[in-house]
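One structure below.
Residue numbers (our numbering), protein chains in the order written: chain Z, 639 to 943; chain P, 9 to 418.
And the structure:
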């Protein structure tokens, strides 16, 4: 990687559009992924996430727009610096796990002997060492999923694109993958993750883009986005009964607290003033930061309405 | 190692290290060996090495000359003893005791009528009949010097030689080496079998990779062009392994049959290296053409079984050519033969038929090669285009409109 490349974003997408026949899969989408960050590519099913990933990987050519990967257009040399885990897992079923992974790593430019050495470490870490001589089809779904993760990382890529990395994994292995993603970022890799699991996105991602019906509907720093969407609810804890507060659409008990969902146009400050005016004994007043799930549903529903 | 060679090596190992490959590899030689063994055993069973008796009432064989050796006998070193008997009862007794397999009776009027009687429990072997027949012929020709009589009695040999510059181009056909005429045909037929097998295998590999989604990993590791090229090299290497082994088995079989077992038909085998080279040169671009077209078909269809069925598209032209074998042989340089030789999908099969029965002009081989190479290049270019579009379409057919859109974005 040269200095100019280092200063550039790992991924730079500008006004990209792609249609299949009369279907507009991606429409004028722009975003960038900085080097070393974990970026979330979110969206409902059929939103165009996989098409975007395939455009980034030069599998599909965009109808319009510009794509720059690792500082410029995709080249065969760059394939060796990218790790991709597709949503539909793909490994040769009728050959042994070791042969399959060594071959796929060698296609990424790793000499077979070195790939074998690296694989040994990964297989032990993922509890697959005892299964390396088994045919891939003989492995359980979870094992194949772990093997796919190894396949994505074995050549130590700079840019990792993972489509639904947690599907099919139990909590223990989910945690393992999360740790691995953090570890890869620690090594300087850039990770673009497409997933429906918002909890994992909240835990891992620095920035996100939410795509709906082929269009970018939300894009930016995750905390900023959550703050943008806060203000529609407050969490309170009171010693006594809660009177009726104007501007509150719904009051839902949550553990020892009450979540007040505010009507459009009502601010948390107005609610606080009203609570004080009514002499409500407040033990806690907090602006509720919405979960990514809530934001997702709200934005996608709004987009679909 | 270049990624092309990595793909080729992987494709080769993936196909060769399977039970199916070894089954196919050995099934053809095993079939031929079995056929050969059956024929050999039938001949051996018919030939019994037990003496033959005769009773001569005519005096024709009073001081007989012995029969010459039979050159086409499986074991030409062995001559059956011919035992004369004075009386039929003696010969009958020897037959009943198993000392002779049969006896011939020459009646008193034999020199005039040329009719003999034959007595046996089990029909005598071919070697016995032929030897006694030669023995009689030899004695009919006793007025000639013995060496001339032997040559006259020995089997005649038919040799056909085409004139230089004619259809056969100076080639020679001998009935003692009749297999030589069919050898190019047999070798060509092997190339065609391998074309079918490798086409089926190639499309199977593509469909498998599309089905198990490995293709997405591959497409982010190397370009479609390199991927397809590597696969084709791998498939051709598999094909060459098969055909080399089969040719080796044929030679081994011929050696065993000709030298060890003394089968005359297999002793004079020869195959013109130029013929093999021409067939190989035609076969190579034919394989690439088939692989390119198979790629187009394999990635365009929605379901794996549709891809397998499409192999029929390539079998059909070859089948048509073989169906037209008779008119092609009758006029090996006629318009029909030429059209089929220059049409890319029938080139290989047409040359297989023609090359055994005629001397194909070099310019025709070169022109056919040129057409095949251009077709193969076109098929590969189309394959590369379709590959990108079709391999990631799961459960959807690729239409011509998809392949050739009005407005290209690529």
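Note that beta-carbon positions come from the ideal geometry of N, C-alpha and C, so glycine has one too.
Below the 7 Å Cβ cutoff, chain Z contributes 714, 717 and 745 as neighbours of residue 230 (chain P), in chain order. Between the stretch 831-849 of chain Z and the stretch 793-806 of chain Z, the count of C-beta pairs closer than 8 Å reaches three or more; the two stretches touch. For the pair of segments examined, the stretch 356-369 of chain P was found to touch the stretch 193-210 of chain P: the number of CB pairs separated by less than 8 Å reaches three. Between the alpha carbons of residue 17 (chain P) and residue 26 (chain P) lies a distance of about 14 Å. Assigned with DSSP and collapsed to three states, residue 833 (chain Z) falls in coil, not helix or strand. What residue 23 (chain P) touches in chain Z, judged by beta-carbon distance under 7 Å, is nothing: the nearest beta carbon there is about 11 Å away.
Neighbours of residue 724 (chain Z) in chain P, taken as residues whose beta carbon is under 8 Å from its own, are 221, 224 and 225 in chain order. Within its own chain, the residues whose Cβ lies closer than 8 Å to the Cβ of residue 937 (chain Z), once the five positions on either side in sequence are excluded, are 848, 850, 855 and 856, listed in chain order. Residue 827 (chain Z) is classed as buried because its beta carbon has at least 16 other beta carbons within 10 Å across all chains shown. The stretch 234-254 of chain P makes no contact with the stretch 811-820 of chain Z: fewer than 3 CB pairs, one atom from each, lie closer than 8 Å.
Taking 8 Å as the upper bound for CB-CB distance, residue 829 (chain Z) and residue 677 (chain Z) are in contact here, some 7 Å apart. From the beta-carbon of residue 731 (chain Z), the residues of chain P found nearer than 7 Å are 220.
Excluding residues up to 5 positions away in sequence, 656, 663 and 664 lie with their Cβ nearer than 6 Å to the Cβ of residue 689 (chain Z) in the same chain. As computed with DSSP, residue 61 (chain P) is found in a beta bridge with P:91 and P:111. Between the C-alpha atoms of residue 304 (chain P) and residue 397 (chain P) there is a straight-line separation of about 10 Å.
Judged by their CB atoms, residue 771 (chain Z) and residue 734 (chain Z) are nearer to each other than the 7 Å cut-off. Residues are counted here when their Cβ sits less than 8 Å from a Cβ of chain P; for the stretch 763-793 of chain Z these are 789, given in chain order.
Unbroken beta strand (DSSP E) stretches of 3 residues or longer found wholly inside the stretch 689-776 of chain Z: 702-707 and 720-723, given in chain order. With a cutoff of 7 Å on beta-carbon distance, residue 753 (chain Z) and residue 761 (chain Z) are scored as not near each other. Contact between the stretch 29-45 of chain P and the stretch 745-759 of chain Z is absent: fewer than three C-beta pairs spanning the two stretches fall below 8 Å. Taking the Cα of residue 929 (chain Z) as reference, the smallest distance to any Cα among Z:903, Z:782, Z:939 and Z:867 is reached at Z:867. Taking the beta carbon of residue 760 (chain Z) as reference, no residue of chain P falls within 9 Å; the closest one sits roughly 16 Å away. Taking C-alpha positions only, residue 806 (chain Z) is separated from residue 347 (chain P) by approximately 58 Å.
Sequence-ordered contacts of the stretch 649-677 of chain Z with chain P are nonexistent [C-beta pairs closer than 7 Å]. Contact check for residue 871 (chain Z) against residue 899 (chain Z) passes: the beta carbons are separated by less than 7 Å. Residue P:368 holds the alpha-carbon nearest to the alpha-carbon of residue 337 (chain P) among P:103, P:351 and P:368. For residue 847 (chain Z), the three-state secondary structure derived from DSSP is strand. Here residue 732 (chain Z) is near residue 773 (chain Z), since their CB atoms are less than 7 Å apart.
Shown here, residue 924 (chain Z) sits in a strand according to DSSP, grouped into three states.
With fewer than 16 other beta carbons inside 10 angstroms of its own, residue 331 (chain P) counts as exposed. Counting other Cβ atoms within 10 Å of its Cβ, residue 254 (chain P) reaches 16 or more and is therefore classed as buried. Just so you know, the alpha carbons of residue 225 (chain P) and residue 718 (chain Z) end up roughly 12 Å apart.
Residue range 125-128 is occupied by the beta strand (DSSP E) that includes residue 126 (chain P). Between the alpha carbons of residue 294 (chain P) and residue 660 (chain Z) lies a distance of about 39 Å. For residue 370 (chain P), the three-state secondary structure derived from DSSP is helix. For residue 742 (chain Z), the C-beta contacts it makes with chain P under 9 Å involve 222, 225, 226 and 229, in order along the chain.
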